[in-house]
Every structure is written in structure tokens, then in C-alpha cells.
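First residue of the sequence shown: 2, per my numbering; consecutive thereafter.
Beta carbons are placed, not taken as given, at the ideal position from N, Cα and C, and that holds for glycine.
Working notes for the structure below.
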Amino acid sequence: MKPLISNKILNIVTVFTVAMFFSCQDNFKEVQKIGISENEPIGVDYNLNLKYTDSGRVAANLISTKTLDYSNRDFPFNEFVDGVQLDIFHEENRKSTVVADYAIRYTETELIDMQGNVVITTHDNRVLKTDQLYYDQKNEWLYTNEHVSFKSEQDIINGHGFDSNAKFTNAEVLEVTGIITLEE
């Protein structure tokens with residue numbers, strides 16, 4: 002009699018175990034989201050000093066005191082809330098620098114929106130100043146519709162709007178409001 006009761010208990014436990022096993026779902030992504038609000042960043046970096054290398058040489062250096070990572074969103078982005086500085090190193094150690102009070106980089110579109118005291122200084126001392134500047138990383142294109150001041154080799158050009166490739170070989174102030182010619 003004892004083996005019969007033992008077999009019944011074993012069968013009942015087996016049925017419950019199998020039922021529980023097949024009723025479980027893969028909720029790993031849901032478990033990861035527990036405790037993370039959709040409106041909160043998934044990470045915060047302080048004193049970020051990120052170096053990008055290409056073929057063993059430093060090609061760029063990104064510095065920011067506080068960066069928020071919103072890669073958990075449907076439209077992921079990184080926000081540089083306390084300013085950002087990007088040093089770009091060209092061949093022969095020529096350096097260009099981009100500085101802004103605030104920046105946001107959209108991951109999917111590869112668009113960077115820089116705001117507040119945006120200054121680009123190229124390796125050959127051309128300087129662009131504006132309140133907002135966009136950089137399209139895919140097309141390597143800079144543009145704005147805001148007021149700009151652009152110092153070229155011989156002029157300071159003020160106006161509204163700016164278009165240029167990333168190397169500034171075709172930099173253009175769109176609506177020129179004034180030109181100051183520099184003396185040598």
C-alpha cells in the first residue's frame with residue numbers, strides 16, 4: 002500500500018512541476034525594467050573622458066562633467082547636461098576643438114544638437130561661434146539657422162545660418178549681415 006501512495010504523490014508533484022514549467026514565460030526584458038522609470042536615465046557618467054582611437058592613434062577625445070544615458074528609450078539618446086568639449090586630432094597632430102554648454106546625441110539618427118555658447122576652433126584657427134549648431138554624423142555636415150560669427154583666414158563674417166562639411170572646406174554663412182576684413 003505504501004508504494005501506491007508514494008507513486009500517487011510523485012505523480013501529483015510531477016504534474017505540478019510540469020505545469021509550472023510550461024506556464025513560465027520569458028520575461029527577462031520586463032524584469033530588467035523593474036525599478037527603472039521610462040523618464041529616468043539608465044546611467045549617469047561623471048567626469049567622462051572618452052578617447053576614440055583609429056589605427057592606434059587618438060582620433061578624438063570627448064570630455065564632459067555629466068552625461069545622462071537614455072538608451073532605454075524607444076528613441077535613444079545621450080545628454081551632456083553640464084557642457085561638452087570634443088577635441089578632434091587630424092593627421093600630423095593638428096587639433097580642432099568643439100565646445101558647447103549643452104549637447105544631445107540621438108543614437109538612431111546620429112544627429113548631435115549642441116546648444117549654448119557653441120564654439121568650433123579648427124586646426125587652422127578658423128572660429129565659428131553660435132548659440133545652436135547641429136552635426137549630422139552620417140553626412141559629416143554642420144548647420145544652423147541661428148546667428149553666427151565665423152572668422153576665416155581674412156574675414157569675420159556675421160550672419161544668420163551656416164552650412165559646412167566637417168572639414169570646413171566649403172564653410173558658408175548663409176545670410177550675411179556684416180563682414181570685417183582682418184589686417185595681416
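For residue j and residue i, the rounded distance between their alpha carbons
i	j	result
GLY161	VAL149	Note that residue 161 is His in the sequence shown here, rather than Gly. One C-alpha to the other measures close to 6 Å.
VAL100	PHE76	25 Å
ASP46	VAL82	11 Å
MET2	ASN73	In this prediction, MET2 scores a pLDDT of 48, lower than 50, which makes its location untrustworthy; the coordinate-derived value is nonetheless stated afterwards. Spanning the two alpha carbons is a distance of roughly 60 Å.
ALA186	VAL174	Nothing in the structure corresponds to residue 186, since the chain is present only between 2 and 185.
LEU69	ALA104	11 Å
ALA172	GLU93	22 Å
GLU184	SER153	12 Å
ILE157	THR178	11 Å
PHE169	THR108	24 Å
THR98	ASN126	10 Å
THR131	GLY44	30 Å
LEU63	MET115	14 Å
ASN111	THR182	Note that residue 111 is Glu in the sequence shown here, rather than Asn. Looking at the two C-alpha atoms, the distance is approximately 36 Å.
THR59	ASN159	Looking at the sequence itself, residue 59 is Val, so the reference to Thr does not match. Cα to Cα, the separation comes out at about 34 Å.
ARG106	ILE113	4 Å
TRP142	ASN40	30 Å
GLN155	THR123	15 Å
GLN138	HIS91	17 Å
LEU129	VAL120	6 Å
GLN86	ASN79	15 Å
PHE151	ARG95	20 Å
Secondary structure of residue i, DSSP reduced to three states
i	result
GLU184	coil
MET2	Caution applies to MET2, whose pLDDT of 48 falls short of 50 and renders its modelled position unreliable; the value that the coordinates give is listed next. Reduced to three states, the DSSP call for MET2 is coil.
GLU92	helix
GLU41	coil
GLN155	coil
PHE138	According to the sequence as given, residue 138 is Gln; it is not Phe. Three-state DSSP puts GLN138 in coil, outside helix and strand.
HIS148	strand
LYS168	coil
ASP114	strand
HIS124	coil
LEU143	strand
Residues that DSSP places opposite residue i in a beta bridge
i	result
LEU175	Answer by DSSP bridge pairing: none, since LEU175 is not bridged.
ALA61	TYR53, ILE89
ALA101	VAL85
GLU80	LEU69, ILE105
ASP46	THR68
THR131	VAL119, VAL149
GLY162	None, per the DSSP bridge assignment.
Near the ligand NAD: residue i beta-carbon under 7 Å from a heavy atom
i	result
LEU129	With respect to the ligand NAD, the structure offers nothing, as it holds no ligand at all.
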